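Peer 1: Protein chains in written order, with the numbering used here: chain A, 1154 to 1663; chain B, 15 to 207.
Note that beta-carbon positions come from the ideal geometry of N, C-alpha and C, so glycine has one too.
Note that the structure is predicted; figures quoted are calculated from it, not measured.
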Amino acid sequence: MTDREMEARLAAALERTAPDDVEAVLARCGAQTGAVVPLPGQGGGRSGKQKKRWVPLAVAACLVLAVAGGGAGYVHQLNQAVASIVCLDVNPSVELTVNRKETVLSATPANADAVAILDGMDLTGAKVDVAMNAIVGAMLTNGYVDELANSILITVEDDDAQRGARLQQELTAQAGAILESYQVNGAILSQTIQNSAQLQQLAADYGISQGKAALIQTIVEGSRGTKTFESLVGLSINELNLLYSSLNTVAPAPDGSQGGQSAPVQSTGQANDSAYIGLEAAQQAALAHAGVSAADAAFLEAEYDWDDGRMVYEVEFRAGNTEYEYEIDALTGEVVKYEREGGSVTGQPGGWPAVDTGSFIGEEAAKAAALADAGVQESATTYCSVWLDYDDGWPECYEVEFMADNTRYEYKIALTSAAVLEQKQERYGAPAGSGTGAPAGSDIGAQAAQQAALAHAGVSAADTYELKVERDWDDGRLEYEVEFKSGGYEYEYKISGADGSVLEFERDWD
Amino acid sequence: MLTLLGIQTMEEDPAGRNRELDRLLLRVGEGDREALAEVYHRARASVYALALSLLKDAHEAEDVAQDTFVKVWESAPGYRAQGSPMAWMLTIARNLARMRLRREGRQVGLEDEEWNAIPADAPAVSPEDRQVLQTALAALGAEERQIILLHAVTGLKHREIAGLMELPLATVLSKYHRGLKKMRAQLEGGETP
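Below, the structure is given as structure tokens:
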């Protein structure tokens, strides 16, 4: 069964299982009350500006406040005119438009997360601080902001930078006060951005708010090429705050700017990292793995990072003339990656974790095990190589490769038991000294091909399962592909359809 | 009539399917109950699948699925076509399911033996359906189950699923492939004598 068939089967099962009672739904649907209050004469868009494309499926909350600008004009017009947009990213999402008197004109969920948050709230006509209080309060009580994920991002979009900055400060102070009143030790990131087609596109492409897109872009730029936008899209605002804070602890860039940051993101409070093991524990995990005592280590750097879909600590330290770089899983303390530079090349320098190579069988024994399994004398090989194979810095197995009788063999041999872990065999050209012996176009048949494979494997048909034989043509040559499982191994053969000889053979752990 | 034409042209065309759903939702926003019925017809399995994957209980998933369409009706006046109407509805379903879990104080899913995937009265459900849902899904982890159900039933792309589940794309992809592998082993193991 292919993946597609399996998914189709699942989809069909769910189609039949899902309730089908539209009347019950329609019976519950009364008058619609969640209508957006439109901005008169603006088609819902902003005065003099292109309509924004706020994405509905924002992961983060986006509280958008459209605030009217001051200046002369008709009071009525001013009351509807929009000067700036403020986006508050938490987790669910809300859009508010606000007039110059800071009164809410409309309240709209910017994503579906906020539908539940705004449920039953009528914010139209409320002062913006009251509306903000209510919305952040609802997010707090619904568990979207808590001690474990305490970060909020406020983004002001305004082409008038001064006005935007003023608003940014006011709202940051306001949000801080709300969090304090709920006794949440919050962390607030705030930024002022300008209308940008690139940000709009990124937000639309990745289904996030423009505020979050702007923050991610800032972190990507500050990472000096180590991060991509896509890799950070799934992170929460709290995780982004931790990463952003890490970037800011890096030494200033040559131009004097902090950590290479290009956008003015201000940070107050500290993102909560109590879900993680902590920098000190990460340093200890790295030292323990390296076998270096804390007294001998000079730490160069320790910070949060996001790599391979998980939060990690990057820990760098020096001991003697060796420099170590570790990535420690921030949740589990597991060593994810490590590297070292300098020090002695051979042996186990600087307390590097010792591998008990004394129990290994050695390269000669590994070679002998492979040759014996193939039934080939070393003198009959045209070349025979053996080496210790490493995975993630640790010895994994011996690999043995040799060529004999127009056949190339590849073996993986266990480090201590000489067991054959994996075997591949590929034949090139005609078998030596035999010729095919069979007339062109002859076909031994599927049964004979199956027998040939089983005989080669030393397995009886009764001891196999999932036995498959397929007839195939390859480069004008008739072949049979025989696959079966037996004794914990999976076998794959290509058998010549002309003479029953084994063309290819692979055996692996099932 | 337009709707019928839409069905024919969108079956194998995700973009066309999204456009059609977008149009329907805009009509729902204008108070069109027939459009809501059509949205229900097209999305009921997807919404139910997501609710089921989160709640692991057929009865509760049915409730949440119904609540979701009522919420879609209420929220549609504020809906703006952004090219991912299914994701919009599924986010509503996800939130309602999560709120239900929070209200009941069960953040963690039920144990496998408590997994109740099949409604008690479902005459159209074949033994094969039961095998796929009950046996295969019980073998999957919570996130694997959600990802595979969403991909199989909703037609959402992995990137959209990552957004909906608030998971990195790489995590979604690896869990998807690992989950399918597990499911195949379970199903084919069950089929092989």
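1) What residues match up with A:Met1556 in a beta bridge as DSSP calls it?
2) On the CB-based measure, 16 or more other CB atoms within 10 Å of its CB, does A:Ala1451 come out buried or exposed?
3) Identify the contact partners of A:Glu1160 in chain B, using a Cβ-Cβ distance below 7 Å as the criterion.
4) Can you give me the Cβ contacts of A:Cys1537 inside the same chain, cut-off strictly under 6 Å, excluding the 5 residues immediately before and after it?
5) Give the DSSP-derived three-state secondary structure of A:Lys1621 in the structure shown.
6) Going by the CB atoms, is the gap between B:Arg159 and B:Ser67 shorter than 7 Å?
7) Quick check on the burial criterion: 16 or more other C-beta atoms within 10 angstroms. Buried or exposed for A:Trp1505?
8) Compute the Euclidean distance between the alpha carbons of A:Leu1163 and A:Asp1173, then round it to the nearest angstrom.
9) Please check if any C-beta of chain A sits within less than 7 Å of the C-beta of B:Gln148.
10) Pull the bridge partners of A:Val1635 from the DSSP assignment, please.
11) On the DSSP letters alone, give me the boundaries of the beta strand (DSSP E) that A:Ser1695 sits inside.
12) Would you tell me roughly how many angstroms separate the C-alpha atoms of B:Ala72 and A:Met1159, rounded to the nearest one?
13) Applying the criterion that 16 or more other CB atoms from any shown protein chain within 10 Å of the CB defines a buried residue, is B:Met103 buried or exposed?
14) Below 8 Å between beta carbons is the criterion; list the residues of the segment 44 to 58 of chain B that meet it against any residue of chain A, in chain order.
15) Considering only C-alpha positions, which residue in the set A:Ala1291, A:Asn1303, A:Gln1344, A:Asp1299 is nearest to A:Val1309?
16) Rounded to whole angstroms, what's the CA-CA distance from A:Glu1168 to B:Glu52? Just pull it up for me.
17) Whole angstroms is fine: what's the gap from A:Thr1421's alpha carbon to B:Arg31's?
18) Could you please tell me which residues of the segment 56 to 81 of chain B, in chain order, have their CB closer than 7 Å to any CB of chain A?
19) Taking only the alpha-carbon atoms, compute the straight-line gap between A:Ile1514 and B:Ser60 and give it to the nearest angstrom.
20) Name the two residues that bound the continuous beta strand (DSSP E) containing A:Ala1455.
21) Once DSSP output is grouped into helix, strand and coil, what is the label at B:Leu115?
22) On a Cα-Cα basis, can you pick out the residue from A:Asp1449, A:Ala1350, A:Leu1484 that is closest to A:Tyr1457?
23) According to DSSP, which residues form a beta bridge with A:Glu1492?
24) Residues bridged to A:Phe1658 by DSSP?
25) Using beta-carbon positions only, say whether A:Asp1625 and A:Ser1639 come within less than 7 Å of one another.
26) Using CA coordinates, which residue listed in A:Ala1326, A:Cys1550, A:Tyr1618 is at the minimum distance from A:Ser1512?
27) Are the CB atoms of A:Ala1302 and B:Asn214 within a distance shorter than 7 Å?
28) In the structure shown, what three-state DSSP assignment does A:Asp1276 receive?
29) Would you tell me roughly how many angstroms separate the C-alpha atoms of B:Ile162 and B:Ala153, rounded to the nearest one?
30) By Cβ distance, which residues of its chain are closer than 6 Å to A:Glu1645, with the 5 residues on each side in sequence left out?
Peer 2: Per the coordinate set shown:
1) Walking along the first sequence from the start, residue 1556 of chain A turns up at place 403. A:Met1556 pairs with A:Tyr1536, A:Arg1561.
2) Numbered from 1 along the first sequence, position 298 holds the residue referred to as residue 1451 of chain A. So A:Ala1451 ends up on the exposed side.
3) For the purposes of this step, residue 1160 of chain A is identified with residue 7 of the first sequence, where counting begins at 1. Within 7 Å Cβ-Cβ: His165, Ala166.
4) Counted from its first residue, the first sequence places residue 1537 of chain A at position 384. Only Glu1531, Phe1555 meet the Cβ criterion.
5) Within the first sequence, the letter at position 468 stands for residue 1621 of chain A. It is a strand residue.
6) Along the second sequence, one-based indexing puts residue 67 of chain B at 53. Along the second sequence, one-based indexing puts residue 159 of chain B at 145. The answer is yes: Cβ separation under 7 Å.
7) On the first sequence, residue 1505 of chain A is found 352 positions in, with the first residue counted as 1. Unreliable placement is indicated for A:Trp1505, whose pLDDT of 41 sits below 50; the coordinate value is still reported in the next sentence. Answer is buried; the Cβ neighbour count reaches 16.
8) Here residue 1163 of chain A refers to the residue found at position 10 of the first sequence. Here residue 1173 of chain A refers to the residue found at position 20 of the first sequence. Those two C-alpha atoms are separated by around 17 Å.
9) By 1-based counting over the second sequence, the position of residue 148 of chain B is 134. Output row for B:Gln148: interface = no.
10) Residue numbering aside, residue 1635 of chain A sits at position 482 when the first sequence is read from its first letter. For A:Val1635, which the question treats as bridged, DSSP gives the partners A:Val1622, A:Tyr1646.
11) What is shown of chain A runs 1154 to 1663, which leaves residue 1695 of chain A out entirely.
12) On the second sequence, residue 72 of chain B is found 58 positions in, with the first residue counted as 1. On the first sequence, residue 1159 of chain A is found 6 positions in, with the first residue counted as 1. So the two alpha carbons sit approximately 21 Å from each other.
13) Residue 103 of chain B sits at position 89 when you count from the first residue of the second sequence. Classification for B:Met103: buried.
14) Gly45, Arg47, Leu50, Ala51, Tyr54, His55, Arg58
15) Here residue 1309 of chain A is taken as the residue at index 156 of the first sequence, counted from 1. Checking every option, the nearest Cα to that of A:Val1309 belongs to A:Gln1344.
16) Reading the first sequence from its first residue, position 15 is the one you call residue 1168 of chain A. Reading the second sequence from its first residue, position 38 is the one you call residue 52 of chain B. Taking the straight line joining both Cα atoms gives about 15 Å.
17) Looking up residue 1421 of chain A in the first sequence gives position 268. Looking up residue 31 of chain B in the second sequence gives position 17. Spanning the two alpha carbons is a distance of roughly 45 Å.
18) Arg58, Ala59, Tyr62, Ala63, Glu76, Ala79, Gln80
19) Along the first sequence, read from residue 1 onward, the residue named residue 1514 of chain A stands at position 361. Along the second sequence, read from residue 1 onward, the residue named residue 60 of chain B stands at position 46. Going by the C-alpha atoms only, they are around 56 Å apart.
20) On the first sequence, position 302 is the one that residue 1455 of chain A refers to. Element bounds for A:Ala1455: 1450 to 1460.
21) If you number the second sequence from 1, residue 115 of chain B lands on position 101. Three-state result, B:Leu115: helix.
22) Taking the first residue of the first sequence as position 1, residue 1457 of chain A is located at position 304. It is A:Leu1484 whose Cα lies nearest to the Cα of A:Tyr1457.
23) Counted from its first residue, the first sequence places residue 1492 of chain A at position 339. A:Glu1492 is bridged to A:Glu1478.
24) In the first sequence, counting from the first residue as 1, residue 1658 of chain A sits at position 505. According to DSSP, A:Phe1658 bridges with A:Gln1578, A:Tyr1646.
25) Locating residue 1625 of chain A in the first sequence gives position 472, counting from the first residue. Locating residue 1639 of chain A in the first sequence gives position 486, counting from the first residue. Not in contact: A:Asp1625 and A:Ser1639 (Cβ atoms no closer than 7 Å).
26) If you number the first sequence from 1, residue 1512 of chain A lands on position 359. Nearest of A:Ala1326, A:Cys1550, A:Tyr1618 to A:Ser1512, Cα basis: A:Cys1550.
27) Outside the displayed span of chain B (15 to 207) sits residue 214 of chain B, for which this structure offers no information.
28) In the first sequence, residue 1276 of chain A corresponds to position 123, counting from 1. It should be pointed out that residue 1276 of chain A corresponds to Leu in this sequence rather than to Asp. Reduced to three states, the DSSP call for A:Leu1276 is coil.
29) Translated into the one-based positions of the second sequence, residue 162 of chain B becomes position 148. Translated into the one-based positions of the second sequence, residue 153 of chain B becomes position 139. Cα-Cα distance, rounded: 12 Å.
30) Working through the first sequence from its first residue, we reach residue 1645 of chain A at position 492. Only Glu1636, Glu1659 meet the Cβ criterion.
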